[in-house]
Amino acid sequence: MTEHTELALPGFRLGWEEWISLPELGLPAMKAKVDTGAKTSALHAFDIEPFGPASRPKVRFAVHPIPGREDLSIPCSATVVDRREVTSSNGDSEWRYVIAADIVVGERRWPIELTLTHRGGMAYRMLLGRQALGEDVLVSPVDSFCQPILSYDVYHSQRVREVAPARVLRVAVLSREPHNYSTARLVSEGETRGHVVEVIDTARCYMALDALAPEVHYDGARLPRYDAIIPRIGASVTAYGTAVIRQFETIGTYCVNGSEGITASRDKLHAHQILARHRIGMPTTAFAASPKDTGNLISLVGGAPLIVKLLESTQGKGVVLAETTNAAESVISAFRGLKASFLVQRFIKEAAGEDIRCLVVGSKVVAAMKRTGAEGEFRSNLHQGGYAVPVKITPQERETAVRAARAFKLNLAGVDVLRAHDGPKVLEVNSSPGLEGIEKASAKNIAGMLYDEIEKRVRPLPVPKGRRRR
């Protein structure tokens with residue numbers, strides 16, 4: 056609780072309705088009804104869901120601070136103080152979560168307790184009960200707004216993002232490998248920051264498709280509202296994993312990487328078409344379906360030596376270097392015999408078995424490492440025995456990596472770049488980059504940088520003025 060002004064000033068006067076703010080909840084301006092007939096104070100909220108360990112329970116909820124503007128939603132979270140049965144003025148009883156927060160009215164700030172209730176019929180978003188009023192407070196039942204009048208304009212500007220407080224987030228990591236380095240780091244870093252992080256097995260999610268209430272279910276129950284989803288979708292479950300992410304997107308949950316970008320990054324042909332559309336440098340690439348076009352396919356990339364890649368290869372698997380034309384024809388023929396989809400690429404000889412992994416978070420490269428293949432190996436993947444060292448990248452390489460991640464609309468991406476004579480060439484954009492190699496090579500807290508981005512992104516967005524009220 057923050058320091059507050061003592062309620063010692065004589066004759067603090069309130070009308071039956073007042074403008075108030077709850078700064079610790081990110082609610083800078085709301086109208087409240089002052090009701091001395093009510094014992095407790097209440098905040099009209101929705102999507103009220105408890106979370107966190109039983110020893111330190113939290114509650115996540117959202118508030119529409121402007122009556123009639125359901126397009127404006129302020130997400131909040133707070134520590135649960137109690138859970139009480141409250142009887143409303145019409146005689147209805149309900150169990151409510153109780154939270155503590157500072158209230159600001161005029162020049163005064165003091166701590167109060169609030170119960171959370173979802174009552175769509177409430178004309179005021181908050182009811183200020185007598186327990187929250189000091190002995191020197193005088194309430195006039197015939198006067199309105201005895202204290203300074205605030206404005207809803209704050210919700211129509213970037214100011215609403217600036218005043219949003221740091222809060223406990225409920226985060227889900229979609230991963231089938233809860234104990235691998237990247238997933239474990241995301242959990243430990245989030246918990247270190249005070250967030251509640253849950254690992255959800257993507258393959259065990261199932262979906263209820265409904266126009267009014269789309270849901271994601273897991274182990275027989277509906278999954279709660281999360282502030283953010285961090286996808287760690289394995290290549291083997293790309294189709295189903297991205298369907299789950301689309302469902303979260305439909306609900307309105309912030310996803311670090313969206314389904315569209317993950318799907319595109321996993322299909323190498325589609326990925327290279329996106330790079331070409333955005334005029335991002337890449338090795339000359341060719342694709343054909345007919346076996347009659349093998350010779351033309353090889354000539355399009357400048358002849359041997361060349362690279363043959365399966366369209367959905369990962370970690371260097373399904374990537375072959377053909378050093379001669381005969382070898383290229385043999386490899387292509389073998390892939391076609393397996394009815395496998397593949398593409399061919401010019402071999403960047405000057406890269407000498409090295410590439411640069413640029414780790415992009417948000418709109419900037421936060422770390423980079425140079426990966427070198429094992430002796431006699433042209434692939435530099437760490438999974439293929441390569442090793443990594445920190446590297447200083449050029450401004451052009453930095454710009455290329457950021458543009459590539461932006462082209463796929465990814466907020467977390469590993470962009471692999473080759474150093475060619477005519478500038479950097481993007482080899483691949485990875486939508487689920489591993490954290491172990493880049494954190495160890497760069498000695499940087501990449502997981503922490505990702506949470507910095509998440510905490511920034513989940514702040515509420517302003518809404519335009521003048522939208523018709525419902």
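At position 227 of the sequence shown (counting the first as 1) the number is 282 in our numbering, and the numbers step up by one without a gap.
Cβ coordinates follow ideal geometry from the N, Cα and C atoms, glycine included.
Spatial distance of Ala-475 from Asp-126 (CA atoms): For Ala-475 and Asp-126, the distance between alpha carbons rounds to 49 Å.
Check each candidate in Ala-263, Tyr-179, Ala-239 and name the one with the smallest Cα separation from Glu-253. Ala-239
Please go through the segment 92–159 and give each complete beta strand (DSSP E) segment of 3 or more residues, from N-terminal end onward. 96–99, 101–106, 113–118, 129–142
Look at the alpha carbon of Ala-468 and the alpha carbon of Leu-505, and state the distance between them as a whole number of angstroms. 11 Å
Could you please give me the residues that DSSP links to Glu-409 through a beta bridge? DSSP lists Thr-427 as partners of Glu-409.
List, from N- to C-terminal side, the alpha helix (DSSP H) runs of 4 residues or more that fit wholly inside the segment 219–265. 236–247
Using C-beta distances below 8 Å, list every residue in its chain close to Val-209, excluding the 5 sequence neighbours before and after it, in chain order. Pro-83, Ala-84, Val-215, Val-218
Ignore the nearest five residues each way along the sequence and tell me which others in Val-513's own chain have a CB closer than 8 Å to its CB. Pro-130, Leu-224, Asp-282, Ala-283, Tyr-309
Of the listed residues Ser-128, Phe-106, Ala-456, Pro-220, nearest to Asp-157 (C-alpha basis): Pro-220
Alpha carbons only, please: which of Glu-190, Leu-69, Val-242 is nearest the one belonging to Val-197? Leu-69
Roughly how many angstroms separate the alpha carbons of Arg-391 and Phe-402, rounded to a whole number? 21 Å
Kindly list the residues whose CB is nearer than 6 Å to the CB of Met-177, restricted to its own chain and excluding five residues on each side of it in sequence; keep chain order. His-99
Three-way DSSP call (helix, strand, coil) for Trp-71 in this model: coil
Output yes or no for whether 9 Å exceeds the beta carbon distance between Glu-491 and Ser-320. no
Where Arg-524 sits in the DSSP three-state scheme: With a pLDDT of 47 at Arg-524, under the threshold of 50, the predicted position of this residue should be treated as unreliable, though the coordinate-derived value follows. In this structure, Arg-524 counts as coil in the three-state DSSP scheme.
Specify the secondary structure class of Asp-471 as computed by DSSP and reduced to three states. strand
Counting C-beta neighbours from all protein chains within 10 Å, is the total for Pro-450 16 or more, i.e. buried, or is it exposed? exposed
Just tell me which of Leu-169, Gly-316, Ile-493, Ala-377 has its CA closest to the CA of Tyr-442. Ile-493
Could you give the distance in angstroms between the alpha-carbon of Asp-191 and the alpha-carbon of Arg-185? 12 Å
Under the three-state DSSP convention, the category Met-51 falls into: Since the first and last residues shown for the chain are 56 and 525, residue 51 lies out of range.
CB-CB length for Pro-269 against Ile-317, believed under 8 Å: Cβ-Cβ separation between Pro-269 and Ile-317: approximately 19 Å, too far for a contact (criterion under 8 Å).
What is the C-beta distance between Val-374 and Ile-411, in whole angstroms, given that I count them as a contact (C-beta under 8 Å)? Going by Cβ atoms, the distance from Val-374 to Ile-411 rounds to 17 Å, so no, they are not a contact pair.
Asn-485 versus Ile-288: straight-line alpha-carbon distance, rounded: 11 Å
Please list, in chain order, all residues of the same chain as Gly-271 whose beta carbon is under 7 Å from its beta carbon, the five residues on each side excluded. Contrary to the premise, residue 271 reads as Val rather than Gly in this sequence. Only Cys-260, Met-262, Leu-278, Val-299, Gln-302, Phe-303 meet the Cβ criterion.
Tyr-442 - containing beta strand (DSSP E), residue span: 442–445
Are Ser-230 and Ser-237 closer than 9 Å when you measure CB to CB? yes
Measure the alpha-carbon distance for Gly-296 versus Pro-517 and round it to whole angstroms. 31 Å
For the beta strand (DSSP E) that Val-375 lies in, which residues bound it at each end? Segment 374–377, the beta strand (DSSP E) holding Val-375.
DSSP state of Ala-456 mapped onto helix, strand, coil: Helix.
Exposure of Pro-120, with buried meaning 16 or more beta-carbon neighbours within 10 Å: buried
Run through the segment 284–365 for me and flag every whole alpha helix (DSSP H) of 4 or more residues, listed as ranges in chain order. DSSP runs (the alpha helix (DSSP H)) wholly in the segment 284–365: 293–306, 314–321, 323–332, 349–355.
I'd like the span of the beta strand (DSSP E) that includes Tyr-210, first residue to last. That residue, Tyr-210, is in no beta strand (DSSP E); it is neither H nor E in DSSP.
What residue range does the beta strand (DSSP E) around Ile-509 cover? It is not in any beta strand (DSSP E) - Ile-509 instead sits in the alpha helix (DSSP H) that spans 501–512.
Ala-178, enclosing beta strand (DSSP E) - first and last residue: Note, Ala-178: premise wrong, no beta strand (DSSP E); not H, not E.
Which class does Ser-195 belong to by DSSP, given the choice of helix, strand or coil? strand
Can you give the beta carbon distance from Leu-352 to Val-399, rounded, assuming they're within the 8 Å contact cut? 6 Å
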